[in-house]
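Protein chains in written order, with my numbering: chain A, 226 to 486; chain B, 3 to 247.
Yeah, the Cβ is synthetic: ideal placement off N, Cα and C, and Gly gets one too.
Report on the following structure.
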Ligand code: SF4
Ligand code: SF4
Ligand code: FES
Ligand code: FES
C-alpha cells in the first residue's frame, strides 16, 4: 500500500491548536499517581504502625512474616538476608503494584501523564520513535491476566481482614476502622473483578455466550463493573492509601478509633 | 447576531496557511453553517466536504480548535467566541484542498480485512438463528459512520505515521464487529497481531473520546481484541492447553 503523504509536522512537543486546558487531566494523573507512589513507598519501608487492635493496614496484608498478631508464619525468618531491607509490606506489595502497573486503564493514563505518549489527545509528542506495546519491554503487559489471578487472592485476603476487623478484644464490634477496611475491600473487589481480563475470561472471549447461562451472567456483571473501571481504579487507590493512613494514625496514637458498637 | 473571527486553513497537498475571516453568527448555528456563510460571502473557492448536515454521513470531519469534530454537529455556542475559532483539515490524511482531505487510505485498509464468513445456514431454507444476547455486543460497532475522526486523533497515525503497519481504531472496530459475530467463522487474530499492528495501540482512549457515535472503541473493541491476541500468542497456559486439545 502506498505510504500516506502527510504535510503536517505534528511532532513538536506540545504542538496543538487546542484551546482548552489539555494538560489538566495528565497533570491530575501525574500528581495523583505520583503522590500515591511516594506515600506507598514510604509507608512500605516503615515496617511499623501497620496494625491497631483488630485492624491490619492493607499495605501489609497478608502479613506473611512479621511481628504483629496478624502474621501468618511468625516473625522475620532467620534465613532472610540481613543486607535486604525487611518489612512485611515489601514481601507482598509487588503484586498489587504490578496489577495496577499493567492495568489497561492505568497504562493509558500513565503513558500520557508520565511519558507524554501523547501528552494529551491531538497534542505533539517529544519523541519521534514509537514502539507501542508491540516489542519488549511493553509487550510484557500482555501477561496482565496472570497478575489478575494473584489480585483475586488479595481480595479474598482483604475481605477476610475486613471480617476480622470486627473481632475486638471485648468481642464483636464495629469501629470506624472496620467501616474503612470493609469499604476498601469492596472497592478493591469492584476494581479487580471489573478488570478487562476478568471480563474476557468470563465470556468476552466467546462469540456465543448465550448457551452458557452462568458465563453470560458473569460476563454481564463484569462488563458493568468494567464500564466504571476508571472510577473504581481511582476510588480503590484512594481507599487503600487512606486505610493505611487511618491504621497508622490510630496506631501512633494521633487519632483515636471511633467505636460505633 | 454577533461577529466572530475564524482562522481557516487554506491550502493543498503541498502546503498552506491560515486565513482570517470574520462573519456574523446567529443563535443555533453550527460550525458548518459558518463555513458555508464564509464560502458564500467571502471565499467562493473555499473547499469543504459535507452531505447530510445531520451527523450521519461522516463527511464534514475537521479539526475545530485543535480537536477532531464533525463540523455539522459542533454548535457555535459550545465554543469560546471571544477568540478566533480555528478550523483545519484532519492531520492524519493528505489535504486535497482547504478542509477536504484524501481519506482513500482507509478504503484500502478496509479491503484487506477478511470479510464476513458465516457458518453453514442453520435451517433448510438457508437462514440462520442467533440470540439477541450474542449480537448485542457487536451492534454498537455498527453505528460507525466512517467519519475517520478516530483515525485522525490516533497518535500512532497522526504523530508516528504508521499507516503501513497499523490499521487504526476505525478498523479495529470493524474487525471486532466481524470477529465477535456469533455466525462468523473467519479467523482474524493472526492478522491483528502481524499486519494490523494492534500492539501499537497504547490504549490512551483518544479515539473513544472523539467518536461522534459514542462507540466505546478502546474498551469494547480494541482491548477485547488484544485479549484474543494474548490468548493466541502470549498466554503460555492457553497455548499449552491448545497443544493438548
Ligand atoms: S486507544 Fe489506541 S487506537 Fe485509540 S487513539 Fe489511542 S493508540 Fe490510537
Ligand atoms: S468509530 Fe467513531 S470516530 Fe471512528 S470512524 Fe466510526 S464513527 Fe467515526
Ligand atoms: S484492566 Fe485494569 S485491572 Fe485489569
Ligand atoms: S455533513 Fe454529514 S456528518 Fe456532517
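Residue 375 of chain A is outside the set of residues whose beta carbon lies under 7 Å from a beta carbon in chain B. Relative to ligand 3, even the nearest heavy atom lies 6 Å or more away from the CB of residue 208 of chain B. Boundaries of the beta strand (DSSP E) harbouring residue 14 of chain B: 4-14, taken from the DSSP string. Spatial neighbours of residue 453 of chain A in its own chain (CB-CB distance under 8 Å, excluding positions within 5 residues in sequence) are listed in chain order as 415 and 419. If you check the C-beta of residue 55 of chain B against ligand 4, you find a heavy atom less than 6 Å away. Here DSSP, grouped into helix, strand and coil, assigns residue 446 of chain A to helix. The beta carbon of residue 74 of chain B sits closer than 6 Å to at least one heavy atom of ligand 4. With respect to the C-alpha of residue 89 of chain B, the residue from B:180, B:170 and B:101 having the closest C-alpha is B:101. With a cutoff of 7 Å on beta-carbon distance, residue 358 of chain A and residue 201 of chain B are scored as near each other. Taking a Cβ-Cβ cut-off of 9 Å, the neighbours of residue 350 of chain A in chain B comprise 157, 161 and 162, given in sequence order. The beta carbon of residue 333 of chain A falls within 7 Å of a beta carbon belonging to chain B, placing the residue at that interface. In this structure, DSSP gives residue 218 of chain B a state outside helix and strand, which the three-state scheme calls coil.
The secondary-structure analysis by DSSP pairs residue 32 of chain B across a beta bridge with B:77. Under a criterion of Cβ atoms nearer than 7 Å, the residues of chain B adjacent to residue 343 of chain A are, in order, 157, 161 and 206. Taking 7 Å as the cut-off, the beta carbon of residue 172 of chain B is found closer than this to the beta carbon of residue 152 of chain B.
Rounded to the nearest angstrom, the gap between the Cα atoms of residue 355 of chain A and residue 162 of chain B is 7 Å. For the C-beta of residue 202 of chain B, the chain A residues within less than 7 Å are, from N- to C-terminus, 357 and 359. Taking the beta carbon of residue 25 of chain B as reference, no residue of chain A falls within 9 Å; the closest one sits roughly 19 Å away. Annotation: the continuous alpha helix (DSSP H) that includes residue 424 of chain A extends over 421-424. Separation of the CB atoms of residue 292 of chain A and residue 300 of chain A is rounded to 5 Å, and the pair is thereby assigned contact status at 8 Å. A Cβ-Cβ distance of about 6 Å is found for the pair residue 399 of chain A and residue 486 of chain A, placing them in contact under the 8 Å criterion.
Distance from the CA atom of residue 129 of chain B to the CA atom of residue 187 of chain B, rounded to whole angstroms, is 16 Å. Taking C-alpha positions only, residue 154 of chain B is separated from residue 211 of chain B by approximately 12 Å.
The beta carbon of residue 147 of chain B sits closer than 8 Å to those of 57, 58, 59, 60, 214 and 215, all from its chain and outside the five residues before and after it, given in chain order. When CB distances to chain A are screened at a threshold of 9 Å, not a single residue of the segment 32-51 of chain B falls below it. Residue 64 of chain B is bridged by DSSP to B:71.
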